[in-house]
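**Q**
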Amino acid sequence: MAAITPSFLFDLESNMRVITSREFERLTSQLWWTLLAKRMPSGAKKERISWLLDSAKIERTIKGGGQVSFEDIVALTTEYENLNASAGLKLKKEQLEDLDGNGVQLATHWSRQMGAYAAYWPQKMIAKAIRDNGATYDGLAFFHLSHPVNPFNTAIGTYANRFTGVASGIYPGALPIDSSVSVETAVQNIAKAIAYVASLKMPNGEDPRFLRLKHLFVPPALTARAQQITNAKFIAQAAGSAAGSGDVEALIRNFGLGQPVECPELGSAFGGSDTTYYLGMEEITSNELGALVYVDREPFSITYHGPQTDASLARIREFQWTTEGRNVVGMGHPYLLFRAEAS
Numbered sequence: 222m223a224a225i226t227p228s229f230l231f232d233l234e235s236n237m238r239v240i241t242s243r244e245f246e247r248l249t250s251q252l253w254w255t256l257l258a259k260r261m262p263s264g265a266k267k268e269r270i271s272w273l274l275d276s277a278k279i280e281r282t283i284k285g286g287g288q289v290s291f292e293d294i295v296a297l298t299t300e301y302e303n304l305n306a307s308a309g310l311k312l313k314k315e316q317l318e319d320l321d322g323n324g325v326q327l328a329t330h331w332s333r334q335m336g337a338y339a340a341y342w343p344q345k346m347i348a349k350a351i352r353d354n355g356a357t358y359d360g361l362a363f364f365h366l367s368h369p370v371n372p373f374n375t376a377i378g379t380y381a382n383r384f385t386g387v388a389s390g391i392y393p394g395a396l397p398i399d400s401s402v403s404v405e406t407a408v409q410n411i412a413k414a415i416a417y418v419a420s421l422k423m424p425n426g427e428d429p430r431f432l433r434l435k436h437l438f439v440p441p442a443l444t445a446r447a448q449q450i451t452n453a454k455f456i457a458q459a460a461g462s463a464a465g466s467g468d469v470e471a472l473i474r475n476f477g478l479g480q481p482v483e484c485p486e487l488g489s490a491f492g493g494s495d496t497t498y499y500l501g502m503e504e505i506t507s508n509e510l511g512a513l514v515y516v517d518r519e520p521f522s523i524t525y526h527g528p529q530t531d532a533s534l535a536r537i538r539e540f541q542w543t544t545e546g547r548n549v550v551g552m553g554h555p556y557l558l559f560r561a562e563a564s
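Quick note on numbering: the sequence shown equals residues 222 to 564 in the numbering used here.
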């Protein structure tokens, strides 16, 4: 028999914490969600984020000066309510006492799983939010054809962060890059998306937003094609006589893209699409709200409960470990993430 002493439990708890921490750190560096969402620590049940619209502008005055146009500074506010998430492990006293039992292995294995899952949780929730396409601060679905450029002045116009259907003017419509089109056509479709994004205006209705394509987020079914698109030498060879290889290579080089980011959670196996991909943008100025935001009120932690601390557990000879956190994922700026569909 192994004695369940305070020293035994302390050593087990310490080992579990170390394993949890190591697994969390190991997995964190391999995730993609931080490339399009921002983590925001929270100090309340509900977190309210406010930001000023970039609606300021400078204008010429009459000759000699002395004339100033005053304008109001307008702000938008969005609110996120933190939600609980938890998991637990139960072990009978006999499983820890018996030398041939597997209680210690079960406890440490569970800690390893919880460390990995705590690191993965934000990505799981962010991928779900992208697939669900919930409403953002302007009241419209995040991926939409007519977001207002300025919610306080709809006369300025609208923009789309969803590419689908038929082209109209500078709006490119559907932009397939899968095997239904040639590699060269896929490159040109990415170029159309970039041209459209470059046409987006600031909320003042006069100046460009200066958005820049930073990442391609693709399901596994599009990874190989996306890698071809971002490989200038391959494109130059594939272009053949249809276009000058130098022109195509220069086009790819000007994208400034690194390797595409594979996102299994956005594929059809998890409720997404194998032909839809996403274009992540960066802007010259930014605030605490990204394309999405992960609000972290209470990071996941593991708590121990045992017969020594709980009379009811003493009666049933049971040990319990629980992990719980409070957080929520919210939709942010639609102009920082575009969805491109094949039709």
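Positions of the beta carbon are idealized from the N, C-alpha and C atoms, including for glycine. Everything numeric in this text was worked out from a predicted model, so none of it was measured.
Can you check whether the CB of residue 562 is closer than 8 Å to the CB of residue 379?
**A** On the sequence shown, residue 379 is found 158 positions in, with the first residue counted as 1. On the sequence shown, residue 562 is found 341 positions in, with the first residue counted as 1. Taking 8 Å as the cut-off, the beta carbon of residue 379 is found no closer than this to the beta carbon of residue 562.
**Q** Could you check whether the segment 349-369 touches the segment 404-417, counting it as contact only if at least three pairs of C-beta atoms, one from each stretch, sit closer than 8 Å?
**A** Inter-segment contact for the segment 349-369 and the segment 404-417 is absent: fewer than three beta-carbon pairs are separated by less than 8 Å.
**Q** Can you grab the Cα-Cα spacing for the pair residue 263 / residue 299, in whole Å?
**A** Along the sequence shown, read from residue 1 onward, the residue named residue 263 stands at position 42. Along the sequence shown, read from residue 1 onward, the residue named residue 299 stands at position 78. Using only the alpha carbons, I get a separation of about 14 Å.
**Q** Quick one: any contact between the segment 231-242 and the segment 327-336, if contact means 3 or more CB pairs under 8 Å?
**A** yes
**Q** So does the segment 497-505 actually touch the segment 427-442, counting three or more Cβ pairs closer than 8 Å?
**A** yes
**Q** Let's test the definition: count the other Cβ atoms within 10 Å of the Cβ of residue 415 and tell me whether it reaches 16, buried, or not, exposed.
**A** Counted from its first residue, the sequence shown places residue 415 at position 194. Answer is buried; the Cβ neighbour count reaches 16.
**Q** What is the rounded straight-line gap between the Cα of residue 485 and the Cα of residue 519?
**A** The residue you call residue 485 lines up with position 264 of the sequence shown. The residue you call residue 519 lines up with position 298 of the sequence shown. Distance between the alpha carbons of residue 485 and residue 519: 27 Å.
**Q** Is it the case that the Cβ atoms of residue 558 and residue 499 are separated by a distance below 8 Å?
**A** Position 337 of the sequence shown, counting from 1, holds the residue named residue 558. Position 278 of the sequence shown, counting from 1, holds the residue named residue 499. The beta carbons of residue 558 and residue 499 sit closer together than 8 Å.
**Q** In terms of alpha-carbon separation, which member of 483, 452, 424 lies closest to residue 441?
**A** Here residue 441 refers to the residue found at position 220 of the sequence shown. It is 483.
**Q** Tell me which same chain residues have a C-beta within less than 8 Å of the C-beta of residue 448, skipping the five on either side of it?
**A** The residue given as residue 448 occupies position 227 in the sequence shown. Cβ neighbours of residue 448 within its own chain (closer than 8 Å, five residues either side excluded): 480, 481.
**Q** When DSSP labels each residue in this structure, what does residue 346 get in the three-state scheme?
**A** Within the sequence shown, numbered from 1, the residue matching residue 346 stands at position 125. Correct three-state label for residue 346: helix.
**Q** So what does DSSP say about residue 448, is it helix, strand or coil?
**A** The count along the sequence shown starts at 1 and reaches residue 448 at position 227. If DSSP states are grouped into helix, strand and coil, residue 448 belongs with the helices.
**Q** Given that a residue counts as buried once 16 or more other Cβ atoms are within 10 Å of its Cβ, and exposed if not, what is residue 544?
**A** As a working note, residue 544 is residue 323 in the sequence shown. By the 10 Å Cβ count, residue 544 comes out buried.
**Q** Could you check the C-alpha separation between residue 392 and residue 326 for me, to the nearest Å?
**A** Taking the first residue of the sequence shown as 1, we reach residue 392 at position 171. Taking the first residue of the sequence shown as 1, we reach residue 326 at position 105. Each residue's alpha carbon lies about 58 Å from the other.
**Q** Residues in its own chain within less than 6 Å of residue 287 by CB, not counting five upstream and five downstream?
**A** Counting from one through the sequence shown, the residue named residue 287 turns up at place 66. For residue 287, the pLDDT reaches just 47, beneath the cut-off of 50, and the residue's location in the model is therefore unreliable, although a value from the coordinates is still provided. Same-chain partners within the cutoff: there are none.
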